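Data first, discussion second: the structure below is written as structure tokens.
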Amino acid sequence: MIKPLSYVEKIQPYIPGKPIKEVERELGIKRAIKLASNENPLGPSPKVIQAIKDLLKEPEELARYPEGSGYYLKNALCEKFLQKGVKLSHDEIILGNGSNELIDIAVKTYLGPGDEAIMANPSFIVYAMSVTSQGGIAKEVPLKDWRHDLEGMLKEITQKTKIIFIANPNNPTGTINFRDEFHKFMESLPDNILLIMDEAYYEYVSSDKYPDTLEYFQQGRDILILRTFSKAYGLASLRIGYGIAKAEIIREMNRIREPFNTNTVAQIAAEAALSDEEHLGKVIQINEEGKKYLYRELEKIEHIKFIPTEANFIYIILPENISSKKVFESLIKLGVIIRPVGPRQIRVTIGLKEENEAFIESFKKIF
Ligand SMILES: Cc1ncc(COP(=O)(O)O)c(C=O)c1O
């Protein structure tokens, strides 16, 4: 039988959770609470729903290929960034079928067999998968105090290093690296390495120490900033994200981008989502309130530890004698789905008030 490439065999496939309806059917419950994938519990803006309904009034649009360059969405992004004082042009933006696809495109563009990429551990698992799938070597640097060890990552650079990944905020810890340390890191980072700044949870960050990575893009550095509509904008199922980099980098990435990689529904939904600042504000407010509630309640539970978050999820460290698998299994029986992310670590998405309360009630029952 045909064999896969040796480096493809090394990849652990991503295992998605069971469909929520199936969990509900098995447990005989009406509404399971899913706090496992850092989705937006409020859903998208009503303007998004209206834009999709309007699109369906012209069903022939579904029979046509999408607008391959994402012209209108890029216009909307340029306008949005201009309001914040950042001048962007279409050739400095790339749209992706989720920011996930942009990780893959960047890796395929800049990294070949035997080349190295540096990333943190634990961090977003897709980085290592993507690098390994190209025959590259994923060098993982342990977090320090739950945050990226930027100095440690610099020390791992060799002649073969092509890409460095930084998730800021990091998934699964929800932590950020600060402006000062990031600035120092940028001063030492050689120019022939692509820095991928993954800012999937950008909109949720409240810290005033968060670095403005667009400054480095404006200085012409080799940086690709990734953002997504999957999280704060609530469009995870439509798969749309974007990358910002200097035109030379976007041009190289466009060589291997599928011509119609983002679909029409996603493009018009993302454009509508950008136009509703009020909804985004509500999403962030609900997340902040949920965060405060969860902090308060988790502090009352003995022997567990949690890491303060800048995102829409919380990383919880369980006591020595309790495994994350056990907690996951016990919680799911109570209709609450969370994600085990290490032997004693779980990640819980911040949900709506009643979802957070249901999680806390069930979590307390287990202890
Ligand atoms: C750090 C990080 N980056 C990227 C993504 C991918 O997001 P998407 O492909 O939906 O844009 C995720 C999703 O969970 C994430 O946590």
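So for the sequence shown, this note's numbering puts the first residue at 6; every next one is plus one.
Glycine included, every Cβ here is placed at the ideal spot set by N, Cα and C.
Here the structure is a predicted model, which means the values were calculated and not measured.
- Query: With which residues is residue 152 paired in a DSSP beta bridge?
  - Reply: On the sequence shown, position 147 is the one that residue 152 refers to. Per DSSP, the beta bridge partners of residue 152 are 149.
- Query: How long is the line joining the alpha carbons of residue 132 and residue 247, rounded to whole angstroms?
  - Reply: As a working note, residue 132 is residue 127 in the sequence shown. As a working note, residue 247 is residue 242 in the sequence shown. If I take the Cα positions, the gap works out to 16 Å.
- Message: Nearer than 8 Å: is that true of the beta carbon of residue 42 relative to any heavy atom of ligand 1?
- Response: On the sequence shown, residue 42 is found 37 positions in, with the first residue counted as 1. Taken from the Cβ of residue 42, at least one heavy atom of ligand 1 lies inside 8 Å.
- Check whether the Cβ atoms of residue 299 and residue 364 lie closer than 9 Å to each other. Working through the sequence shown from its first residue, we reach residue 299 at position 294. Working through the sequence shown from its first residue, we reach residue 364 at position 359. Yes, they are a contact pair.
- Between which two residues does the alpha helix (DSSP H) harbouring residue 126 extend? Position 121 of the sequence shown, counted from the start, is the residue given in the question as residue 126. Residue 126 -> not in any alpha helix (DSSP H); beta strand (DSSP E) instead, spanning 121-126.
- Length at least 4, wholly inside the segment 9-41: the alpha helix (DSSP H) runs in chain order: Runs of the alpha helix (DSSP H) inside the segment 9-41: 11-14 and 25-32.
- Is the closest heavy atom of ligand 1 to the C-beta of residue 180 under 8 Å? Residue numbering aside, residue 180 sits at position 175 when the sequence shown is read from its first letter. No, the Cβ of residue 180 stays beyond 8 Å of every heavy atom of ligand 1.
- Compute the minimum distance between the beta carbon of residue 236 and the heavy atoms of ligand 1, and state whether it is under 8 Å. Looking up residue 236 in the sequence shown gives position 231. Result yes, Cβ under 8 Å from ligand 1.
- Message: 9 Å is my cut-off, CB to CB: does residue 238 come that close to chain B?
- Response: Protein chains in the displayed structure number just one, and chain B is not present.
- Query: Count the other CB atoms within 10 Å of the CB of residue 301; is the residue buried (16 or more) or exposed (fewer)?
  - Reply: Counting from one through the sequence shown, the residue named residue 301 turns up at place 296. Around the C-beta of residue 301, fewer than 16 other C-beta atoms lie within 10 Å, and the residue is accordingly described as exposed.
- Task: Tell me whether residue 210 sits in a helix, a strand or coil according to DSSP, three-state version.
- Result: Within the sequence shown, numbered from 1, the residue matching residue 210 stands at position 205. DSSP, reduced to helix, strand and coil, places residue 210 outside both helices and strands of the structure shown, so it counts as coil.
- Message: Could you check whether the Cβ of residue 11 sits closer than 8 Å to any heavy atom belonging to ligand 1?
- Response: Along the sequence shown, one-based indexing puts residue 11 at 6. No, since every heavy atom of ligand 1 falls outside the 8 Å radius drawn around the Cβ of residue 11.
- With DSSP as the reference, label residue 202 as helix, strand or coil. Here the question's residue 202 lines up with position 197 in the sequence shown. Reduced to three states, the DSSP call for residue 202 is strand.
- Integer-rounded CB distance, given that residue 118 should sit under 8 Å from residue 141: Within the sequence shown, residue 141 is the residue found at index 136, counting from 1. Within the sequence shown, residue 118 is the residue found at index 113, counting from 1. With a Cβ gap of about 7 Å, residue 141 and residue 118 count as contacting.
- Using only alpha-carbon positions, find the residue among 291, 354 and 290 that is nearest to residue 311. Numbered from 1 along the sequence shown, position 306 holds the residue referred to as residue 311. Comparing Cα-Cα distances from residue 311 to each of 291, 354 and 290, the minimum goes to 354.
- For residue 173, which of 239, 348 and 151 has the nearest alpha-carbon? Taking the first residue of the sequence shown as position 1, residue 173 is located at position 168. Checked all of 239, 348 and 151; the closest Cα to residue 173 is 151.
- Task: Determine the DSSP secondary structure at residue 353, reduced to helix, strand or coil.
- Result: Walking along the sequence shown from the start, residue 353 turns up at place 348. Correct three-state label for residue 353: strand.
- residue 218 classed as buried or exposed, judged by whether at least 16 other C-beta atoms fall within 10 angstroms: Taking the sequence shown and counting its residues from 1, the one referred to as residue 218 is at position 213. Label assigned to residue 218: buried.
- Task: For residue 1, I'd like the list of residues in its chain whose CB is within less than 8 Å of its CB, leaving aside the five on either flank, ordered along the chain.
- Result: Residue 1 lies beyond the range of the chain shown here (6 to 372); nothing can be said about it.
- Message: Does residue 75 come out as helix, strand or coil in the three-state DSSP assignment?
- Response: Reading the sequence shown from its first residue, position 70 is the one you call residue 75. In the three-state reduction of the DSSP assignment, residue 75 falls in the coil class.
- So who's on the other strand from residue 341, going by DSSP bridges? Against the sequence shown, residue 341 aligns to sequence position 336. According to DSSP, residue 341 bridges with 38.
- Locate the beta strand (DSSP E) running through residue 89, then write down its first and last residues. As a working mapping, residue 89 is identified with position 84 in the sequence shown. Here residue 89 belongs to no beta strand (DSSP E), and DSSP marks it neither H nor E.
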